[in-house]
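Reading through the structure tokens given below for one structure.
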Amino acid sequence: MAEKSRVLVIGSTGCIGKFIVEASAKFGHPTFALVRESILSDPAKANIAEGFKSLGVNLVYGDIYDQESLLTAIKQVDVVISAVGQTQVEIQDRIVAAIKAAGNIK
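The opening position of the sequence shown corresponds to residue 9 in the numbering used here, with each subsequent residue numbered one higher.
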């Protein structure tokens, strides 16, 4: 059986992202959720992150506005899924730049 792809979800605690994370984990993919450390002070987001942990999801602390943390997260995976909110669509360019810089995503 082929090895499952390692998946990173950016925007993982949002309305759509949380379902992507859960589905990825339930399908057996090693799943990574990029989360800001500040979510720990938001009870709703912290609860989502705790639910991820119970599914075996790896929480990767970082921020889409911090290119270095974005690169560090991307270098750990094979697939990147962006589920950032519509108000953050312009950030997609940063994500694409980090993917290119990491060099491990096809």
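Think of the CB as a built atom: it goes at the ideal place given N, C-alpha and C, for glycine as much as any other residue. These figures come from a predicted structure and were not determined experimentally.
Proximity winner among the options, relative to residue i (alpha-carbon distances)
{"i": "D71", "options": "V65, L63, G64 and T80", "result": "T80"}
{"i": "V29", "options": "V68, P51, L48 and E11", "result": "V68"}
{"i": "S13", "options": "R44, Y73, V85 and A106", "result": "V85"}
{"i": "A109", "options": "S77, I18, Q96 and E45", "result": "S77"}
Segment limits, beta strand (DSSP E) that includes residue i
{"i": "T39", "result": "T39 to V43"}
{"i": "I18", "result": "V15 to I18"}
Beta-carbon contacts of residue i that lie in its chain and below 7 Å, excluding the five residues immediately before and after
{"i": "I47", "result": "T21, K53, A54 and A57"}
{"i": "F60", "result": "V29, A41 and L67"}
{"i": "N112", "result": "K83"}
Residue range of the alpha helix (DSSP H) that includes residue i
{"i": "F27", "result": "G25 to K34"}
Own chain partners of residue i with C-beta closer than 8 Å, once the 5 adjacent residues on each side are dropped
{"i": "Q100", "result": "S90 and V92"}
* Asked: At which residue ranges does the segment 38-99 contain complete alpha helix (DSSP H) runs of 4 or more residues, listed in the order of the chain?
  -> Qualifying alpha helix (DSSP H) stretches, in chain order: 51-62 and 75-82.
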